[in-house]
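**Student:** Below you'll find the structure I mean.
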Amino acid sequence: MRDELIGVLSKYIDVDSQKIEMDVKREDDMTALVANFPLKGSK
Numbered sequence: 000m001r002d003e004l005i006g007v008l009s010k011y012i013d014v015d016s017q018k019i020e021m022d023v024k025r026e027d028d029m030t031a032l033v034a035n036f037p038l039k040g041s042k
């Protein structure tokens, strides 16, 4: 999933792929994907 997200985002912005942080958080009946994609700039 990480590589696919990088591929999509890279079409529009320069992403620093070495510094990406992703985490799945669960709380009660909710699951969330929390992602931090540091940007180098826009395309």
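Going by numbering that gives the first Met the number 0, the residue at position 12 of the sequence shown is 11; the numbering climbs one at a time, nothing skipped. We put the beta carbon where it would ideally sit given N, CA and C, even for glycine.
Need the endpoints of the alpha helix (DSSP H) that D2 sits in, please.
**Tutor:** Unbroken alpha helix (DSSP H) run through D2: 1-9.
**Student:** To the nearest angstrom, how far is the alpha carbon of L4 from that of M29?
**Tutor:** For L4 and M29, the distance between alpha carbons rounds to 21 Å.
**Student:** Whole-angstrom Cβ separation of K39 and V14, contact assumed at under 8 Å?
**Tutor:** Indeed they touch by this definition, with Cβ atoms about 7 Å apart.
**Student:** If you drop the 5 nearest sequence neighbours on each side, which residues of the same chain put their C-beta closer than 8 Å to that of P37?
**Tutor:** The answer, listed in chain order, is V14, D15, K18, I19.
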